[in-house]
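Written out below as structure tokens is the structure these notes cover.
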Amino acid sequence: MSDKALELYIRPEFESGELGAATDVDVERELSLWEKFSNINAVRKFSILLGLVALWQFYTWYSNVEPLLFPSFFFSLETLWKTILSGEMFEKIGITIYVLLMGYAAGLAFAALFLIFAVSSRIGSDFLSTMTAMFQPLPAISLLPLAMLWFGLGIPALVFVTIHSVLWAVSLSTHVGFMSVSETLRMVGRNYGLKGIPYILKILVPAAFGSILTGLKIGWAFAWRTLIGAELVFGAAAGNGGLGWMIFEKGDNLDTEYVFAALFMVIVIGLLVENVIFRSVEIRTLQKWGMQR
Amino acid sequence: MASEGVVSLNVRPEFENPAVEEAVVGDIERRLSLWERISNMDPVRKLSVLLLLIVSWELYTQIGDINELMFPTFSATAKALVSAFVNEGLLQNVWNSLRLLIVGYCIGIGIAAVLVVLGVWTRFGGDLLTTLTAMLNPLPAIALLPLAMLWFGLGEEAIIFTLLHSIIWPVALNTHAGFQAVSETLRMVGRNYGLSGLSYIFKILVPAAFPAILTGLRIGWAFAWRTLIAAELVFGGQVMDTSGGLGAEGSNAGGLGWIIFANQMENQTPYVFAGLFTVIIVGILIENGIFRNIEDRTIRKWGMQKA
Numbered sequence: 002m003s004d005k006a007l008e009l010y011i012r013p014e015f016e017s018g019e020l021g022a023a024t025d026v027d028v029e030r031e032l033s034l035w036e037k038f039s040n041i042n043a044v045r046k047f048s049i050l051l052g053l054v055a056l057w058q059f060y061t062w063y064s065n066v067e068p069l070l071f072p073s074f075f076f077s078l079e080t081l082w083k084t085i086l087s088g089e090m091f092e093k094i095g096i097t098i099y100v101l102l103m104g105y106a107a108g109l110a111f112a113a114l115f116l117i118f119a120v121s122s123r124i125g126s127d128f129l130s131t132m133t134a135m136f137q138p139l140p141a142i143s144l145l146p147l148a149m150l151w152f153g154l155g156i157p158a159l160v161f162v163t164i165h166s167v168l169w170a171v172s173l174s175t176h177v178g179f180m181s182v183s184e185t186l187r188m189v190g191r192n193y194g195l196k197g198i199p200y201i202l203k204i205l206v207p208a209a210f211g212s213i214l215t216g217l218k219i220g221w222a223f224a225w226r227t228l229i230g231a232e233l234v235f236g237a238a239a240g241n242g243g244l245g246w247m248i249f250e251k252g253d254n255l256d257t258e259y260v261f262a263a264l265f266m267v268i269v270i271g272l273l274v275e276n277v278i279f280r281s282v283e284i285r286t287l288q289k290w291g292m293q294r
Numbered sequence: 052m053a054s055e056g057v058v059s060l061n062v063r064p065e066f067e068n069p070a071v072e073e074a075v076v077g078d079i080e081r082r083l084s085l086w087e088r089i090s091n092m093d094p095v096r097k098l099s100v101l102l103l104l105i106v107s108w109e110l111y112t113q114i115g116d117i118n119e120l121m122f123p124t125f126s127a128t129a130k131a132l133v134s135a136f137v138n139e140g141l142l143q144n145v146w147n148s149l150r151l152l153i154v155g156y157c158i159g160i161g162i163a164a165v166l167v168v169l170g171v172w173t174r175f176g177g178d179l180l181t182t183l184t185a186m187l188n189p190l191p192a193i194a195l196l197p198l199a200m201l202w203f204g205l206g207e208e209a210i211i212f213t214l215l216h217s218i219i220w221p222v223a224l225n226t227h228a229g230f231q232a233v234s235e236t237l238r239m240v241g242r243n244y245g246l247s248g249l250s251y252i253f254k255i256l257v258p259a260a261f262p263a264i265l266t267g268l269r270i271g272w273a274f275a276w277r278t279l280i281a282a283e284l285v286f287g288g289q290v291m292d293t294s295g296g297l298g299a300e301g302s303n304a305g306g307l308g309w310i311i312f313a314n315q316m317e318n319q320t321p322y323v324f325a326g327l328f329t330v331i332i333v334g335i336l337i338e339n340g341i342f343r344n345i346e347d348r349t350i351r352k353w354g355m356q357k358a
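As you go down the protein sequences, you meet chains C and H in turn.
Here my numbering is used: the first residue of the first sequence is 2, the next is one more, and so on.
Here my numbering is used: the first residue of the second sequence is 52, the next is one more, and so on.
See below:
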């Protein structure tokens, strides 16, 4: 021990006074109907949605806003219904989804090619990481002027920018996922004599599926934003444009209720893709495999 | 084993290996050759990939006799980039874009912070936040630009409004998700210290959920950058003061996206490429200079993220 004395602070002992006897309290009690009701998540969220809609509606009624500037909720809804009935809406959605699917699929195919190249050789890996580092920070839409120059005004230019927005996000995320696959799993694969494509598909892809799915989601988000933005510019090639074009054209014509109708559809499609498609893929893969809680 | 079920085992026949060839002692230890040592350096390999790309671009455009208007050579692009920076005040355009981005980003984060604080404070706030983010996050911000131009007029307010929209939802969504994933132990530590309200949020929730917050900030920046460039491209000179025209030096010179758009309209393709390069450079600087730095000083230092 050193010669420095240790000083301990010792708290003086004390006795606590008498505790008051517990008065009658509800130890167990049925929740009231209101409490039970408001404990349901869906009910609360739905009523918030209703509240927002009501606010919107009352605001437009009472403040006498010009419908050209801010149409009421029901007017927008009515317009949405009208465009759905007349088939105009689905025609626009069809065009947008067609371009989106083409771009997304082609982007994924390119990403797969790059990744196979990257996994099988070091130079491929360097190539991929240099390309992603360069192109990932470049907003795809800024290539639109060039795409219009190279491919003319039309669907190919839209597909080109969509590919660009998907390709780098997916490759980056998947590549990072592949690199972090544990050595044990790799050795299992090598033990089975897997090589080349079967090695990628049977070992790397399932092991890195979490980051692949993240990449796919980010790629979708970028592609959706890029496509709507690109359509705002010139979706109207050959006389029929997609949703983005509808927003732009109706906005220019001061048909604001149509803009809102188109925005509703953009939200609905976004929700469908994110909560139905990606969610169910997630449930069937990551959650089933126990990789995500 | 249970006697009822008959278990058939596949017994592999035994076999004897033929004589294994004698092992030859190879190089057990050997100095790497100079070439191997150089090619083991990461930056060298990546730089040569970049050089190779540039050389093939230059050769393709020179030998393939490509029209300069369609696809300029690398040297023409580099020349345009230098002259744009030196003679035509491209830095001013960059600054015009960045200024809007910074204003939008700061206000957006402020609003997101208020929403998230409300969201952890009360159940109603949480519900409001989740409903709003679920609805508005899938909506591309750029789609609101036509409306914003209607409401706020043609000008910076319209752009800032769309930027806000592109920042608030990803930031709020990620932060809220991060807060909800903070472990009960840490929360109890906070309550034990008697923290409540704002000090509870800033001393317990924010540090614990910092990786998620940083992810949100990054996604918000990526969306905002894309939205800004898109807005300048699509609505050309409508939403920004571009009265100075190409090569103007001042706040009326327009932003980076507008420069790309305007140069394309004037068939100055090398300048379009120069604009794209600048967009890439700014993006890399912000990603690696700012976010990477914050990451190093926070979550990496705190041991919340490896490598």
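Using N, Cα and C, we set each Cβ at its ideal position, and we do this for glycine too.
In this text, all values refer to a predicted model and were calculated from it rather than measured experimentally.
Excluding five sequence neighbours on each side, which residues of the same chain lie with their C-beta closer than 6 angstroms to the C-beta of residue i?
i: G267/H; result: P221, V222, N225, T226
i: A239/C; result: For A239/C, the predicted model reports a pLDDT of 45, less than 50, meaning its position is unreliable; a value from the coordinates is still stated below. Nothing listed; no residue qualifies.
i: W290/C; result: none
i: A158/C; result: A148, M149, F152
i: S181/C; result: none
i: S73/C; result: Q58, T61
Against chain C, with Cβ distances strictly below 8 angstroms, would residue i count as a contact?
i: T182/H; result: yes
i: A135/H; result: no
i: P321/H; result: no
i: M121/H; result: yes
i: L101/H; result: yes
i: D178/H; result: yes
i: L60/H; result: no
i: G340/H; result: no
i: F312/H; result: yes
i: R277/H; result: yes
i: V285/H; result: yes
Please name the residue, chosen from the options, that lies closest to residue i on a Cα-to-Cα basis.
i: T97/C; options: W225/C, W62/C, A170/C, M132/C; result: W225/C
i: N40/C; options: Q113/H, N188/H, D178/H; result: D178/H
i: V233/H; options: I219/H, M239/H, A259/H; result: A259/H
i: E92/C; options: A263/C, K289/C, I142/C; result: A263/C
i: S212/C; options: S73/C, F179/C, W221/C, L233/C; result: F179/C
i: L139/C; options: L81/C, P199/C, A208/C, S166/C; result: S166/C
i: G1/C; options: V267/C, G230/C, F223/C, I278/C; result: In the structure as shown, chain C begins at 2 and stops at 294. Residue 1/C is therefore absent and cannot be evaluated.
i: F136/H; options: Q315/H, E338/H, W353/H, L307/H; result: L307/H
i: G334/H; options: I193/H, I280/H, W86/H; result: I280/H
i: H176/C; options: T133/C, T80/C, Q293/C; result: T133/C
i: V160/C; options: I268/C, N42/C, L70/C, A231/C; result: A231/C
i: L16/H; options: G77/H, N91/H, V76/H; result: Only positions 52 to 358 of chain H appear in the structure, and residue 16/H is not among them; the question remains open.
i: N318/H; options: M121/H, D116/H, V58/H; result: M121/H
Leaving out the 5 sequence neighbours to the left and right, which residues in its chain are closer than 8 angstroms to residue i when beta-carbon positions are compared?
i: L246/H; result: K254, I255
i: Q137/C; result: W169, A170, L173
i: G197/C; result: S121
i: K218/C; result: E275, F279
i: A252/C; result: According to the sequence shown, residue 252/C is Gly rather than Ala. Excluding residues within five positions, the ones whose Cβ falls inside 8 angstroms are V260.
i: A156/H; result: Strictly speaking, residue 156/H in this sequence is Tyr, with Ala absent from that position. Excluding residues within five positions, the ones whose Cβ falls inside 8 angstroms are L214, I218, G271, W272, A275.
i: L297/C; result: The shown model of chain C, from 2 to 294, leaves out residue 297/C, and the question about it has no answer.
i: I310/C; result: The structure shown has nothing for residue 310/C, since chain C only spans 2 to 294.
Can you find a C-beta in chain H that's less than 8 angstroms from the C-beta of residue i?
i: R187/C; result: no
i: K46/C; result: yes
i: E275/C; result: yes
i: G216/C; result: no
i: F75/C; result: no
i: D127/C; result: yes
i: V260/C; result: yes
i: T131/C; result: yes
i: F111/C; result: no
i: E283/C; result: no
Taking 7 angstroms as the line, does the beta carbon of residue i fall inside it for any heavy atom of the ligand ATP?
i: R351/H; result: Looking at this structure, you won't find the ligand ATP or any other ligand, since it has none at all.
Once you ignore the five residues that flank residue i on each side, which residues in its own chain have a CB closer than 7 angstroms to its CB?
i: V145/H; result: L307, T329, V333
Any residues in the segment 136 to 164 of chain C with a beta carbon nearer than 9 angstroms to a beta carbon of chain H? Which ones, in chain order? F136, Q137, P138, L139, P140, A141, I142, S143, L144, L145, P146, L147, M149, L150, W151
Given a limit of 9 angstroms on CB to CB distance, which residues of the segment 55 to 70 of chain C reach chain H? L69, L70
Residues of the segment 192 to 208 of chain H whose Cβ lies closer than 9 angstroms to any Cβ of chain C, in chain order: A192, I193, A194, L195, L196, P197, L198, M200, L201, W202
Between the segment 327 to 338 of chain H and chain C, which residues of the former have a C-beta closer than 7 angstroms to a C-beta of the latter? L327, V330, I331, G334, I335, E338
May I ask you to list, following chain order, the residues of the segment 202 to 235 of chain C that have a beta carbon less than 9 angstroms from some beta carbon of chain H? I219, A222, F223, W225, R226, T227, L228, I229, G230, A231, L233, V234
Anything in the segment 80 to 99 of chain C with a Cβ closer than 9 angstroms to a Cβ of chain H? List those residues in chain order, please. none
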